[in-house]
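Read top to bottom, the protein sequences are chains A and B.
Using our numbering, the letters of the first sequence correspond one by one to residues 1 to 401.
Using our numbering, the letters of the second sequence correspond one by one to residues 1001 to 1452.
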Amino acid sequence: MEIKPILLALKRSKFLAALLVIQIAFTMAVVSNSVFISVSTLKEWNLPSGIPHDDIIRVTPRFYDRSKSVTAAVNNDLKRLQEMPGVLSVTPTSGSPFASENVTEVYLTSEEEAQEYQTVIYDGTEHFLNTLQLELLEGRAFTAADMIYDSEEKNSEVMLSEDMAKKLFPDSTAIGKTVWLSKGSDPVQVVGVYGNFMTGETLNYYGKSYQSILRARSTWSHEQEPQYLIRMEPGIAESKLEDVASVFYQEQGRYLSQYERLKRVQKRMYDGRGSRALTFLVISAVLVFITAFGIAGLTSFQVNQRRKQIGTRRALGARKSDILKYFLTENSIISLVGLVLGLIVTLVMTFELSNIEQENLLDIGLFIGIALLFWAINIIATLVPAMRAANISPATVTRGA
Amino acid sequence: MLQYNFSLALNSLKERPGLTFLMVLTIAVGLGLFTTIQTISYYSSDIPIQHKSQNIYLVTMDHRETSADPIERPTQMPDTTYKDVMNLINAPVPGVSYTINWNSYGVINRDADTETAVRSEILVTDAAFFNMFETPFLYGGGWSSEADEKGDAVIVISRAMNDRLFGGIDSVGQTIRVNTDTLTVVGVTKDWNITRRFYDRTYAPGYIHDFFVPTGYAINSDIPRNENFDCWETEKEARFEFENDKWTQLINSECGWMRLWAAIPEGQLEGYESHLMRYIDPQKQLGRFPRDIKIVVDNINEQIEFVAGRNGYINMFQMIAQLFFAVCLLNAIGIMLAKFIRRTKEVSLRRALGARKSVIIQQYVMEVVMVGILGGILGVIIAYFGLWGMLNIRLYAVDYTITAESIAHQYQLNPLLIGQAFLTSVACTLVVSLYPIWRICNIPPASQLKSA
């Protein structure tokens, strides 16, 4: 296959070729940047929750009447809920899966420059693990005897999630080890390890979604009111939502700021990011289509323009595959130049966008992948009119002129 | 000749309808996305009460300690301390009027037990607020300035909450319970279409307060202060309690937490700024304002522009949409060039028969303008659906915690935006078709005739 005649032919239609090159370059820039944005948005997106989120209801009551006792209300709530048919297990808690943004740091030594480990600390009753249906992997689970109800008292034991245990003690078992819950104070013993569950968006963003710590603690006040997690019998949570809410309305002086299934909390955690990434991906898909149609249109135009030349070549003995190859090579040369130029435009644009986003978005591997895919689409777009060209009969040339 | 050219242009559009449609569609899709993003960004920088926004200023001064972080952007200026607010209001400047506000929240109910309570944000403000920001009223109005001083238990509610609590009747004179207090409704606001909640410096789009109560009432019944207290080191611990407690300590502290707005007549800004300087100077002697004096007195326009300009997501989208439109236009000229080149024979014949270049140009410009207009029409239709889609995506993303009505006005095309879209469409198509037109009108007469 000779490249020279193709280059000569391209030189004759400089403008069209340049047009295609710029179009491909810009398309690449838009598509790769959209994909970069989507990928960075969808990092750690939609991970397994580790819990039966369909069957767990989360209720967040809040007191407005500060003369009422929170502790008494919690006791009443728990008693009423446990009597309710369909309720399997319930716990008051300081945080809810998918919505725990109160990330703190824990330490392995009491030194001043001890390394920080990010985590979320959950307070709950001995029913916490059962309510979230988390498996006990090592050591022992909390029992009623471990519970602390007095806010002056401190916990001396904690349980860790599987990922937390692995992160803190990668080489050995975590059971019996000491962790400092704040800098230089609150040393606690690890007594057990439970299965992972999704904490919330903040840790998710750092790729540490499952790092959590559990304390057997139920001390509530107007400053720290509990949320409730309630596991229902499978499949009935949705229909029982209002019934559960009405239990909470029996207590005076407060209102329900939220009551919903954890499934909905999970949806909310991912939706903003998901829809944003989707918008960008849809835009790039549309653009790829437009460019592909444009390329198909222009190639088909050139085929029409060169009917005579093609006919002559065929009459002089060129095979169908030669004609096909001619158009595909021509398109590939244009694509290649376009993609190289596209890389430059992409780099400039990514630099700008990274500034806006304050995060490095560039991913060369991804760019090359997109470039290859785009090339393939271009070839398909050329193939259709090129086949038509290949089917031009050698006799065409003898007719008209 | 004009008419003849027109019919020629029309014929040429009809000639290969598939290609014409592809061309128009490409332009329309590009324009559609472009207009969608333009509309969203237009509303994000929409300025409320435009006829006087130039003259309404947020007054901020840096009262913080020497060790505090430096201020790089006007939005980093702290809110104002109670002391400064009171001092400034009590030393009136002729022509200048003030209003203040801070955020609170409460549980609101029509009666003690009849309805399910709702928790809502409440804006604590004064009588001047409704005049300065021209809040539209459906029933009644704001309260009097005496109500502020006496601490009357009165409340202004939104149309939406009036519907919910009173079924939409004229509820002026009725009572509402806020937490454990009973308040009398004095006014019901109409839907207030300001696109950003500028007055409390949150600039949140879409959400306007549903409840407004007088400062005097808020102070007397000590309802929560839902603010970030920007304090000195001495109050770093106490500031967590200021929300519900320690009013006396708060008003004597160096904590900034109130918004002070001033209406300053045209041309008096400089005078007012030096008034502020003259106020701060003696304060320094009292051990206050330890840093270099920094005041920022920005009007509504300046603030909205600043906030809108920093909206990363929209800027990113805008950049993508512009390039997208550019690709679509490139695509369109490719097709246009192809169409034009097909007709070289026809042009060459017309030229041979005596048509001047200008006549040929006229014919093709006409054709291009027609394409531009068609692209504009289709593009606006696409933008309409695009905005509808974006509205739904927004609702989905916030899990339907806000109603479509409350933000729909930010996703609406208006005559200005539509006009802009048409102009963009026609202008851009004309610009990109310059080269194809130039090519075609330079065909020498009769050059293409020999072989036909």
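Idealized CB from N, CA, C, for every residue including glycine.
Residues of the stretch 26-59 of chain A with a Cβ closer than 8 Å to any Cβ of chain B, in chain order: F26, T27, A29, V30, N33, S34 and I37. Only exposed fits Y1400 (chain B), as fewer than 16 other CB atoms lie within 10 angstroms of its CB. With contacts defined as CB atoms closer than 8 Å, A1218 (chain B) and Y255 (chain A) fail to qualify as a contacting pair. Restricting attention to A:K68, A:F63 and A:P92, the CA atom closest to the CA of Y149 (chain A) is found in A:P92.
Note that the C-beta distance between A18 (chain A) and G342 (chain A) is not below 8 Å. Taking CB atoms only, K267 (chain A) has a neighbour in chain B less than 8 Å away. A straight-line Cα-Cα distance of about 30 Å links Q1362 (chain B) and T291 (chain A). Only those residues of the stretch 1328-1359 of chain B whose C-beta falls short of 9 Å from the nearest C-beta of chain A are listed: C1328, L1330, N1331, A1332, I1333, G1334, I1335, L1337, A1338, K1339, I1341 and R1342. In this structure, V1327 (chain B) places its C-beta atom within 8 Å of the C-beta atom of Q23 (chain A). Near chain A, meaning a CB-to-CB distance below 7 Å, the residues of the stretch 1394-1426 of chain B are Y1396, A1397 and D1399.
In the DSSP assignment, A1262 (chain B) falls within the beta strand (DSSP E) that extends over G1256 to A1263. Note on geometry: alpha-carbon atoms of S161 (chain A) and L366 (chain A) lie some 34 Å from one another. Contact of Y1199 (chain B) with chain A is not assigned, every C-beta pair being separated by 8 Å or more.
Contact with chain B is found for L19 (chain A), since one of that chain's Cβ atoms lies less than 8 Å from the residue's Cβ. Looking at the DSSP output, F1211 (chain B) sits in a beta bridge with B:I1157.
Think of a sphere of 8 Å around the beta carbon of I1320 (chain B): the chain A residues whose beta carbon falls inside it are V30, N33, S34, F280 and I283, in chain order. At a C-beta separation below 8 Å, N1179 (chain B) has these neighbours in chain A: Y64 and D65. The beta carbon of L362 (chain A) is closer than 6 Å to those of T350 in its chain, skipping five residues each way along the sequence. At least one beta carbon of chain B lies nearer than 8 Å to the beta carbon of L353 (chain A). Listed along chain A, the residues sitting closer than 8 Å to G1106 (chain B) by beta-carbon distance are Y64.
Listed along chain B, the residues sitting closer than 9 Å to M349 (chain A) by beta-carbon distance are M1319, I1320 and L1323.
Counting along the chain, no alpha helix (DSSP H) covers T1195 (chain B), and no H or E run does either. In this structure, N1220 (chain B) sits away from N1103 (chain B), with a CB-CB distance that is not shorter than 8 Å. Rounded to whole angstroms, the gap between the alpha carbons of Y107 (chain A) and W180 (chain A) is 5 Å. Between V1059 (chain B) and the set B:L1276, B:G1151, B:W1388 and B:P1224, the nearest pair of CA atoms involves B:L1276.
Taking one beta carbon from each stretch, the stretch 153-168 of chain A and the stretch 200-219 of chain A have 3 or more pairs nearer than 8 Å; the two touch.
In the DSSP assignment, G1140 (chain B) falls within the unbroken beta strand (DSSP E) covering F1137 to G1140.
Within the stretch 1022-1043 of chain B, those residues whose Cβ lies closer than 7 Å to any Cβ of chain A are, in chain order, L1022, T1026, V1029 and L1033. Close CB contacts of E1266 (chain B) within its chain, under the 7 Å cut and outside five residues either way in sequence, are with N1055 (chain order). Measuring C-alpha to C-alpha distances from R58 (chain A) to each of A:I356, A:F248 and A:S218 identifies A:F248 as the nearest. In its chain, beyond the 5 residues on either side, L16 and L20 have a beta carbon closer than 7 Å to the beta carbon of L298 (chain A). Nearest in C-alpha terms to T219 (chain A), of all of A:N204, A:A72 and A:V190, is A:A72. Between G1376 (chain B) and F1422 (chain B), the beta carbon gap of about 4 Å places them in contact (Cβ cut-off 8 Å). The C-alpha of S1044 (chain B) is placed about 12 Å away from the C-alpha of N1301 (chain B). With fewer than 16 other Cβ atoms inside 10 Å of its own Cβ, I1381 (chain B) counts as exposed. Counting C-beta atoms within 10 angstroms of its own C-beta, S1007 (chain B) has fewer than 16 neighbours from the protein chains shown and is therefore classed as exposed.
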